[in-house]
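A short write-up of the structure that comes next.
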Amino acid sequence: MQEAFWEKTSKAAHPERWYPYWWALPLAPYGGKATAMSVAHPNEVWCFDQLQGLLDVLVNVRMTVVRLNGGGLWVHNPIAPTAELMSMLAPIVDEHGPVKHIVVGSAAIEHKIYSGPFSKKFPSADVWIPPKNWTFPVDVPIDAYVPYYPRGSPKTLPEDSASGVGSVPWGDQIEHSVIEVGGSSLRNFKDPWFVDTAFYLKKTKTLLITDVVMKVNPDPVPVATINPEPLLVRGMEGPDKMLPNTREARSMGWGKTILFGLLFQPASVDVKVSPASVNKDLLDNFTWDERWKASFQNLVDKDIFVPPILHVLAFPRRRDEVKRWAEGVAAWDFNTIIPSHLDGPIDAGPKEFAAAIDAALTTDPRAFFGEDIEPLLAVDKLSRDLKSLEEPRPLTDATPIKYFVKPAPAPAEEASAVEVA
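All residue numbers for the sequence shown refer to the working numbering, where the first residue is 2 and numbers rise by one.
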C-alpha cells in the first residue's frame, strides 16, 4: 500500500500536483500535494485542503479564500501553489478578481512557508503576517528563509482591529484579533512561542482560526481519501494485518491518525522497532488494543475543543490573557468556524467557542483527554523542571467567558387591537 501511495504522489503520475519547493519544509507527502476544494459559503468563501505529516500520519492543512466587497480576493493561510490548486482557483479569480491580500494568521512554519511561493502567483498582492512572528524553536525570519516576495518583506498585522492602533485595508469587512501565548527560554521569555489570529468575516458570520480550536468527525477529511493508502496502513490493528479500502477501514485509519497527530503517543498502541527492519517497523509495526476506539470517540463527541498541546503547554501559562482574547472573539456574531486543520467548516458560534476555551483554562487535562494525555503532561513537567517554559498562572477571574447572545426579537405590535380598531 505504501508503494502504491508513493507511486500516485510522484511527479510522473500527477505533474499537476507537484510542488518543487517541498524541501523547504520536508513533510510527507513531500512534492506530491493533492488538493481538495469545498465551498463554505456560495460565491463568498471557499476552502482548499492539502495533506502534510510524518510517515503515514497525514492530516490536512487548509487555505480559505474570501471574496472582498468591490472585487478581489483575500486569502487566509496559503498552501502550496501547485498547478492543480491554481486551476481550482482560476474560475474564482476570473469571476471575482485577483488575490489582493495573502494573510498568514499563525507563527507556525507550516502556514508561513507557502506565503512567498503563493505570492509569486499573485505579484500585486500584499502579504501579511502576525506580530512577534518568530519561528519555534529556531528564529528564522520568514523573508530570509523564503527570499521571494514580489512586493518586499511581508507587512505586519496590527494586534487587533478594535484598538485603533494600526489599520488594514479590509477592516470594514473583516475584523481580527491576535493571541500570543507562552514565553520560552529559547527567546529569554521575550516573545511568545504560540501566535494565532482570529478573523471575523462579517458578511458570512464566519470565524477563521488556525489552531486554537478544532473538530473531529469519524470519517476522514476528503483530501485524505484521494489516495487512502496511508489511512489503510495506519488503520491496521497489528503488523501486516492489511485492510481493504472500505469506509470502516478508512475511519479506523483516521481515528488512529488523529490520536497520533494530537496526542503523540496514545496509550492504546504498542510500538516495537528493531534495528534490522527500522523502516518497515516505523510504518506498520504497531499493535493496537481496543482502548483506541474510546479515545477517538472521546474526541469525536466534543463539539469543538482546544488541541491538547495548547491545553497543556500553552494556555495555562497565560490564562488571563487567553481569557481576555477569547471574550473579544466570542463577542462577534458568528455561526460558522473554519479552522486550518481537521474538519471544517464547523457549525458553531460564540457559545461553543467560549465553552471550548473555558475547558482549556479550567479543566484537568486528564479528565478532558483521558490517559492519552500523559506524554504531554510529562513534557509539561520536564519544561517546568528545566524552566524552559513559563510557569503556569492561575486565572484571576474564574467566571465563564462571556459570549455574544442574539438579542430577543422586538415584541410584535398588537395586530389584533389594530384590526378591531
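Glycine included, each C-beta is placed from N, C-alpha and C at the ideal position.
Predicted, not measured: the structure shown is a model, and the values here were computed from it.
Task: Contacting residues, own chain, Cβ-Cβ under 7 Å from Arg367 (five flanking each side not counted) - done: Here residue 367 refers to the residue found at position 366 when the sequence shown is read from its first residue. So the list reads Ile374, once near-sequence residues are dropped.
TODO: Taking the CB atoms as reference points, tell me whether Asp50 and Arg68 lie closer together than 8 Å.
DONE: Residue mapping note: residue 50 aligns to position 49 of the sequence shown, counting from 1. Residue mapping note: residue 68 aligns to position 67 of the sequence shown, counting from 1. In this structure, Arg68 does not lie closer than 8 Å to Asp50 by Cβ.
- [ ] Write down the C-beta distance between Asp381 and Val313 rounded to the nearest angstrom, noting that I regard them as a contact closer than 8 Å.
- [x] The count along the sequence shown starts at 1 and reaches residue 381 at position 380. The count along the sequence shown starts at 1 and reaches residue 313 at position 312. Contact flag correct, Cβ pair sits at about 5 Å.
- [ ] Identify which residue in Asn286, Glu181, Gly256 and Asp271 has its Cα closest to the Cα of Ala295.
- [x] As a first step, residue 295 must be located in the sequence shown, where it is residue number 294. Nearest of Asn286, Glu181, Gly256 and Asp271 to Ala295, Cα basis: Gly256.
Task: Alpha carbon of Lys12 to alpha carbon of Leu52, nearest angstrom - done: Along the sequence shown, read from residue 1 onward, the residue named residue 12 stands at position 11. Along the sequence shown, read from residue 1 onward, the residue named residue 52 stands at position 51. Lys12 and Leu52: Cα-Cα distance of roughly 16 Å.
TODO: May I have the straight-line CA-CA distance separating Val94 from Leu209, to the nearest angstrom?
DONE: On the sequence shown, position 93 is the one that residue 94 refers to. On the sequence shown, position 208 is the one that residue 209 refers to. Val94 and Leu209: Cα-Cα distance of roughly 21 Å.
Open item on the list: Contact defined as beta carbons within less than 8 Å: I believe Val179 pairs with Thr207. What is the distance between those atoms, to the nearest angstrom?
Closed with: On the sequence shown, residue 179 is found 178 positions in, with the first residue counted as 1. On the sequence shown, residue 207 is found 206 positions in, with the first residue counted as 1. Rounded, the Cβ-Cβ distance is 18 Å, inconsistent with contact.
Open item on the list: Given this structure, state the Cα-to-Cα distance separating Pro351 from Lys203, to the nearest angstrom.
Closed with: Position 350 of the sequence shown holds residue 351. Position 202 of the sequence shown holds residue 203. Distance between the alpha carbons of Pro351 and Lys203 is about 14 Å.
TODO: Could you please give me the residues that DSSP links to Asp127 through a beta bridge?
DONE: One-based indexing of the sequence shown puts residue 127 at position 126. His102.
- [ ] Take Arg318 as the anchor and find which of Ser389, Met215, Pro245 and Glu353 has the nearest alpha-carbon.
- [x] Residue mapping note: residue 318 aligns to position 317 of the sequence shown, counting from 1. Considering only alpha carbons, the answer is Ser389.
Open item on the list: Need the endpoints of the alpha helix (DSSP H) that Pro366 sits in, please.
Closed with: Working through the sequence shown from its first residue, we reach residue 366 at position 365. That run of the alpha helix (DSSP H) goes Pro366 to Phe370.
TODO: Using three-state DSSP, classify Gly33 as helix, strand or coil.
DONE: Taking the sequence shown and counting its residues from 1, the one referred to as residue 33 is at position 32. Looking at Gly33 - three-state DSSP - the assignment turns out to be strand.
Task: Nonlocal neighbours in the same chain, by C-beta distance under 8 Å from Gly172, ignoring five residues either side - done: Within the sequence shown, the letter at position 171 stands for residue 172. So the qualifying residues of the chain are Ser162.
Task: Spatially closest choice to Asn336 from Tyr404, Ala349 and Asp344, by CA coordinates - done: Mapped onto the sequence shown, residue 336 falls at position 335. Among Tyr404, Ala349 and Asp344, the Cα nearest to that of Asn336 belongs to Ala349.
Open item on the list: Comparing C-alpha positions only, which one of Pro245, Phe370 and Thr83 sits nearest to Arg292?
Closed with: Numbered from 1 along the sequence shown, position 291 holds the residue referred to as residue 292. The option with the nearest alpha carbon to Arg292 is Phe370.
Task: Segment contact flag, the region 395-406 with the region 338-348, C-beta cutoff 8 Å, min 3 pairs - done: no
Task: Same chain only: Cβ atoms within 6 Å of Val213, ignoring 5 sequence neighbours per side - done: Residue 213 sits at position 212 when you count from the first residue of the sequence shown. Closer than 6 Å at the Cβ level, and outside the excluded window around Val213, lie Asp197.
- [ ] Rounded to whole angstroms, what's the CA-CA distance from Ala379 to Glu85? Just pull it up for me.
- [x] Residue numbering aside, residue 379 sits at position 378 when the sequence shown is read from its first letter. Residue numbering aside, residue 85 sits at position 84 when the sequence shown is read from its first letter. Roughly 42 Å separates the two Cα atoms.
TODO: Determine the extent of the beta strand (DSSP E) in which Val62 is found, giving its start and end residues.
DONE: For the purposes of this step, residue 62 is identified with residue 61 of the sequence shown, where counting begins at 1. It spans Val58 to Arg68 - the beta strand (DSSP E) in which Val62 sits, taken as one unbroken run.
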